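For the first sequence, the working numbering gives the first residue as 12, with consecutive numbering after it. First the structure, in the form of structure tokens, and then the observations on it.
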Amino acid sequence: MDLAKQYNPKEAEEGHYQRWEESGCFKPETNQNPDAGKYSIVIPPPNVTGSLHMGHALQHTIMDVLTRRKRMLGFRTLFVPGIDHAGISTQKMVTDKLWAEEQKTPLDIGREAFTEKVWAWKEKYGGTILSQIRREGISVDWSREHFTMDEDLSKAVRNVFVTLYEEGWIYRGARIVNWCPNDRTVLSDLEVEDETKKDGKLYYLQYPVKGADLKLTVATTRPETMLGDTAVAVNPNDERFRDLIGKTVDLPLTGREIPVIADEYVDMEFGTGAVKITPAHDPNDYEMGLRHQLEELNVMNLDGTMNEAAGADFDRLDRYEARRKVVEKFRELGLLEKIDDHEMVLPVCARCKTVIETLVSEQWWVKMDEMRDLALKLKRETDYPRFTPHNPNTKVYTDWLENLRDWTISRQLWWGHQIPAWYDESGEVYVARSAEEAARKAGTDKLTQDPDVLDTWFSSWLWSFSTLGWDGETTETEDLRRYHPTDVLVTARDIIFLWVSRMVMAALKFVGERPFDDVYITGTVLAKDGQRMSKTKKNGVDPIEVFDKYGVDATRITLAGSSTGMDFAWRDEKVESYRNFANKIWNATRFCLLNSEGARVDPKSLSDPESIADKWIISRLNKTARDVNDALEKYAFHEAVQLLYHFFWDDFCDWYIELVKDEISDGDQSEPQAVAGGSDPKSAARTRIISILEQALRLLHPFMPYLTEDLWQKLPGVSSDLHNPAYASAPATVMLADFPKGEEALIDERAESEMGLVIELITRIRNIRAEMRIKASEKLDVHVSADDSGQRIFAENEAQILKLARAGRLHLGDGLNVPKASAKGVMTSGAEIAVPLEGLIDFEMERERLSAQINNLKTEGDKLGKQLSNENFVQKAPPEKVEAVRERMSEIETQLKALKENLEVLG
RNA sequence: GGGCAUAUAUGUCAAUUGGUAGACAGCCUCCCUUACAAGGAGGAAGUUGGAGGUUCGAGUCCUUCUAUGCCCACCA
Numbered sequence: 012m013d014l015a016k017q018y019n020p021k022e023a024e025e026g027h028y029q030r031w032e033e034s035g036c037f038k039p040e041t042n043q044n045p046d047a048g049k050y051s052i053v054i055p056p057p058n059v060t061g062s063l064h065m066g067h068a069l070q071h072t073i074m075d076v077l078t079r080r081k082r083m084l085g086f087r088t089l090f091v092p093g094i095d096h097a098g099i100s101t102q103k104m105v106t107d108k109l110w111a112e113e114q115k116t117p118l119d120i121g122r123e124a125f126t127e128k129v130w131a132w133k134e135k136y137g138g139t140i141l142s143q144i145r146r147e148g149i150s151v152d153w154s155r156e157h158f159t160m161d162e163d164l165s166k167a168v169r170n171v172f173v174t175l176y177e178e179g180w181i182y183r184g185a186r187i188v189n190w191c192p193n194d195r196t197v198l199s200d201l202e203v204e205d206e207t208k209k210d211g212k213l214y215y216l217q218y219p220v221k222g223a224d225l226k227l228t229v230a231t232t233r234p235e236t237m238l239g240d241t242a243v244a245v246n247p248n249d250e251r252f253r254d255l256i257g258k259t260v261d262l263p264l265t266g267r268e269i270p271v272i273a274d275e276y277v278d279m280e281f282g283t284g285a286v287k288i289t290p291a292h293d294p295n296d297y298e299m300g301l302r303h304q305l306e307e308l309n310v311m312n313l314d315g316t317m318n319e320a321a322g323a324d325f326d327r328l329d330r331y332e333a334r335r336k337v338v339e340k341f342r343e344l345g346l347l348e349k350i351d352d353h354e355m356v357l358p359v360c361a362r363c364k365t366v367i368e369t370l371v372s373e374q375w376w377v378k379m380d381e382m383r384d385l386a387l388k389l390k391r392e393t394d395y396p397r398f399t400p401h402n403p404n405t406k407v408y409t410d411w412l413e414n415l416r417d418w419t420i421s422r423q424l425w426w427g428h429q430i431p432a433w434y435d436e437s438g439e440v441y442v443a444r445s446a447e448e449a450a451r452k453a454g455t456d457k458l459t460q461d462p463d464v465l466d467t468w469f470s471s472w473l474w475s476f477s478t479l480g481w482d483g484e485t486t487e488t489e490d491l492r493r494y495h496p497t498d499v500l501v502t503a504r505d506i507i508f509l510w511v512s513r514m515v516m517a518a519l520k521f522v523g524e525r526p527f528d529d530v531y532i533t534g535t536v537l538a539k540d541g542q543r544m545s546k547t548k549k550n551g552v553d554p555i556e557v558f559d560k561y562g563v564d565a566t567r568i569t570l571a572g573s574s575t576g577m578d579f580a581w582r583d584e585k586v587e588s589y590r591n592f593a594n595k596i597w598n599a600t601r602f603c604l605l606n607s608e609g610a611r612v613d614p615k616s617l618s619d620p621e622s623i624a625d626k627w628i629i630s631r632l633n634k635t636a637r638d639v640n641d642a643l644e645k646y647a648f649h650e651a652v653q654l655l656y657h658f659f660w661d662d663f664c665d666w667y668i669e670l671v672k673d674e675i676s677d678g679d680q681s682e683p684q685a686v687a688g689g690s691d692p693k694s695a696a697r698t699r700i701i702s703i704l705e706q707a708l709r710l711l712h713p714f715m716p717y718l719t720e721d722l723w724q725k726l727p728g729v730s731s732d733l734h735n736p737a738y739a740s741a742p743a744t745v746m747l748a749d750f751p752k753g754e755e756a757l758i759d760e761r762a763e764s765e766m767g768l769v770i771e772l773i774t775r776i777r778n779i780r781a782e783m784r785i786k787a788s789e790k791l792d793v794h795v796s797a798d799d800s801g802q803r804i805f806a807e808n809e810a811q812i813l814k815l816a817r818a819g820r821l822h823l824g825d826g827l828n829v830p831k832a833s834a835k836g837v838m839t840s841g842a843e844i845a846v847p848l849e850g851l852i853d854f855e856m857e858r859e860r861l862s863a864q865i866n867n868l869k870t871e872g873d874k875l876g877k878q879l880s881n882e883n884f885v886q887k888a889p890p891e892k893v894e895a896v897r898e899r900m901s902e903i904e905t906q907l908k909a910l911k912e913n914l915e916v917l918g
């Protein structure tokens, strides 16, 4: 089999995803073991309007790594995909499109026609993100794909609504709310963001005091709201205004008179110490209005213009127009005291960034008390959910729950789950699961359904169980029983409140169990400049472009390797280096395949090592496997990636392949005999290396699914025999191969330390060669003085040492007998190396080399010497630490002694 | 205004319960050695943001300062 010299990601990705999907590998049913443990994850449903960004790619990679590993370990694994209908975003997108194409508004075409258009849009474009997700290679079960507006999920939503209503947790009421004049809907507190406005103004307006030649000055950032003022408040402890409390002021421009009231809330230090009170348009004023029974005078329309209550001069004027006009009129009346610059923070709509208004409006609410208490109790008693990283997420979650307020769930939109509430002609409300049920309850079918829809999160908070078949009527399904609670939720920090905490509450309330065991919160992928990626800054990195340039596998392992829970800046160089890693894997496989005649993958060959090198690489393999598993169990993705990278590149490629190259290469000596079973030494060695490679591919597979599958399929002798027993009957694929756990019996510390000596010797000789500027073609004579065991080890590996150090001869003994013109080195063990360099040596260079080494060792020795001469250290530190320092100290002394002698010989 | 996080080699980031600071990229030297130049061999580079403290020992724990970032909050 011929492999190209270079790895080509596109070709390596070709076809595999389709094959996996078609052969059913993504479905849990592919697991034939009735006693298998389960592992399940539900994907955080991306918005149907969305397109893939790096945050998705990161989360999806993490989830897929976890899922693929567990699947290979033999768990019955379910990874559920789906998308969210994203009420506001989607409605806006279709509204814009409607205007662009037909110059019509939703109102022009009506609710039914509009929602039809949204569905049509969804069918056409909603698949964009799904196809992008496929490209990522994630092993989700597409046969269980869900959409939050699917009929069964909608049914779940209606049932939850009705249940909460009947239990008294859902109510309808007029309260102060956040209103987006652009989207023309109410927003929950979590959908409002802050935006700092540096050029804000603080206007000082004067209100004449009734029956006195006095003016009371109030400061405001929103002068237009004065049209809705129903009081002025001062602090009761404020001496300046004591006499005014209880008096009234003339509210300019309106002809109304409003009282001066006293309230502790007023900050005496800010502004003038007197505050205009607009209960209908400010949350604090609203509260104060309730305390003092003030009238709530609504002066605004829902589109951000003033209404007739604002007075004829202002009716239908845009709010900012009205602001200018109010200020102008105050100026004309001589009642405008001054305008100060005032940096301020404005609340804006999280979606469209329009400055929101607060106004009093009739909405549906959920009282969260019971569910919050359920969640908090679980947190207190069992520290659930367990967040990774623990800090600060745990505290953020708990603090938020403790201060939880009622949730506004109605939205003035057409796209979403219409609220299952109907009104009769007298305005009486009937909450029901269907129009028929409402009619029965009302005793009439002359009912009108509430036009509003529910907050998008009112469907996504059911996601962990609604996707498994729970719809409120059917509350027990095979999938629920098997896969709920899910194992881990992987998501970004910004939806801990919006989604994570609400999922906990919903699952506890409706299913009576946790929605997931662990929560892994990923860091944020920042742009190259360390800033947040954003469309306006145009500093975003498109995952699809990265896939195209470097391949999906390189991108995935880059993301996993960067995932420590901290935020991290995106660097193309990083992917590039993992692309190079992919190329390394490709070429290592290419090498093995070029020398694979007579060999076939056989895991049993790994329990049958021949040489120290074999024992060593098998030990390294098993240790790596063990540590990778440990790392992934604790969500230490970067650690797992580092382990695999170094095992594959350093241990396997740089050392093992080089060590056994001659043994397995086609050469003049022993041709592999074409006997079955590969019993001749060459075939055995080939079988061994290809089997080690095969194990490595399995370990890498969760991170680099395409490349590993592509190469695995090319190995001789792969079949479903290599699968985890749970998948014995499935078509051969590395994704069902048994994931190596690392066998303790094959971890051989002695082989590792012996091989360590060989590696050190080779490295020292190479070092001498490089520093003495000896040409690569120059064969060296190497003399080594070592103890008996050292001599034995070096003798056993003589061929490899000669080859890798490019030496002609290796002289082993217990002493050195070499000419003065030699370059020398001392190993950690004290073994000495000498390379005679008659005619090649530069004595000055050699002196410098030895002196540098002496200096380094001296510095370290001085440090340790100090430590050892410290009574306190020797007495108080753990004995093994003291012993370790002593050992190192004696190594240093031995080496120093030898190096100094060598230096003296040079004169 | 509160709360939290981060500051480590030129850059991006690691460092298990305190125990001689690591990786990748970049940089320097040499090498197109038939798996791979997207490579190989060797090398240089850090008072771990500043200042104190605890300890035999501090990147790691405590105090404080500085810088940056995130979250929460009603300051008109």
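Here a beta-carbon is modelled for each residue, glycine too, at the ideal position from N, C-alpha and C. This structure is a prediction, so every number in the text was calculated from the model and none was measured.
query                                                                                                                                                  : result
Taking the alpha-carbon of Leu370 as reference, which of Tyr297, Gly345 and Thr399 has the nearest alpha-carbon?                                       : Tyr297
With 16 as the cutoff for other CB atoms within 10 Å, does Asn248 come out buried or exposed?                                                          : exposed
Determine the DSSP secondary structure at Arg302, reduced to helix, strand or coil.                                                                    : helix
Quick check for students: name the residue ranges of the beta strand (DSSP E) that lie wholly in the segment 606-675, counting only runs of 3 or more. : none
Give me the Cα-Cα distance between Phe602 and Lys21, rounded to the nearest whole angstrom.                                                            : 21 Å
Glu381 to Asn414, Cα distance in whole Å?                                                                                                              : 13 Å
Would you list the residues sitting across from Val499 in a DSSP beta bridge?                                                                          : Asp529
Thinking just about the alpha-carbon of each residue, which of Ser512, Tyr136 and Phe37 is nearest to the one in Thr60?                                : Tyr136
Rounded to whole angstroms, what is the Cα-Cα separation between Gly689 and Glu621?                                                                    : Since pLDDT at Gly689 reaches only 47, below the 50 mark, its modelled position is unreliable, and the value read off the structure follows with that caveat. Gly689 and Glu621: Cα-Cα distance of roughly 14 Å.
Let me confirm a value: Trp111 is counted as buried when at least 16 other C-beta atoms fall within 10 Å, else exposed. Which label applies?           : Here residue 111 is Ala; the residue named in the question, Trp, does not match the sequence. Flag for Ala111 reads exposed.
Look at the Cβ atom of Ile623, then the Cβ atom of Glu392, and state whether they are nearer than 8 Å.                                                 : no
Near Trp433, which residues of its chain fall below 6 Å by C-beta distance, leaving aside the five closest residues on each side in sequence?          : Tyr441, Ala449, Leu458 and Gln460
Helix, strand or coil: which one does DSSP assign to Ile187?                                                                                           : strand
Is the distance from the Cβ of Ile568 to the Cβ of Met715 below 8 Å?                                                                                   : yes
Could you have a look at Lys835 and say whether DSSP puts it in helix, strand or coil?                                                                 : strand
Starting from Asn256, trace the beta strand (DSSP E) in both directions and tell me its first and last residue.                                        : Note that residue 256 is Ile in the sequence shown here, rather than Asn. Unbroken run through Ile256: none, as it is neither H nor E.
So, helix, strand or coil for Ile181, using DSSP?                                                                                                      : strand
Under the three-state reduction of DSSP, which class applies to Met355: helix, strand or coil?                                                         : strand
Helix or strand or just coil, what does DSSP make of Ile420?                                                                                           : coil
Start and end of the beta strand (DSSP E) containing Ile52?                                                                                            : Lys49 to Val53
My assumption, with CB atoms under 8 Å, is that His232 sits in contact with Lys212. Please give the rounded CB distance.                               : The sequence shown places Thr at residue 232, rather than the His named in the question. Contact flag correct, Cβ pair sits at about 7 Å.
In three-state terms, what does DSSP make of Gln217?                                                                                                   : strand
Express the C-alpha separation of Ala636 and Ile596 in angstroms, rounding to a whole number.                                                          : 17 Å
Is Glu720 buried or exposed, if buried means 16 or more other CB atoms sit within 10 Å of its CB?                                                      : buried
CA-CA distance, Lys539 and Ile675?                                                                                                                     : 45 Å
Output the distance between the C-alpha atoms of Thr905 and Leu711, rounded to the nearest integer angstrom.                                           : 42 Å
Which of helix, strand or coil does DSSP assign to Lys16?                                                                                              : coil
Measuring alpha carbon to alpha carbon, tell me which residue in Glu113, Glu204 and Leu63 is nearest Thr139.                                           : Leu63
Classify Tyr218 as buried or exposed, calling it buried when 16 or more other Cβ atoms lie within 10 Å of its own Cβ.                                  : buried
Buried or exposed, going by whether 16 or more other CB atoms sit within 10 Å of the CB of Trp933?                                                     : For the chain, the structure presents residues 12 to 918; residue 933 sits outside this window and is missing.
Given that a residue counts as buried once 16 or more other Cβ atoms are within 10 Å of its Cβ, and exposed if not, what is Asn866?                    : exposed
Which of helix, strand or coil does DSSP assign to Ala273?                                                                                             : strand
Given this structure, state the Cα-to-Cα distance separating Glu306 from Ala333, to the nearest angstrom.                                              : 22 Å
Using the DSSP secondary-structure output, state which residues sit across from Ile568 in a beta bridge.                                               : Paired residues: none, contrary to the question.
Would a C-beta distance cut-off of 8 Å place Cys363 and Asp194 closer than the cut-off?                                                                : yes
I'd like the span of the beta strand (DSSP E) that includes His822, first residue to last.                                                             : Ala818 to Gly824
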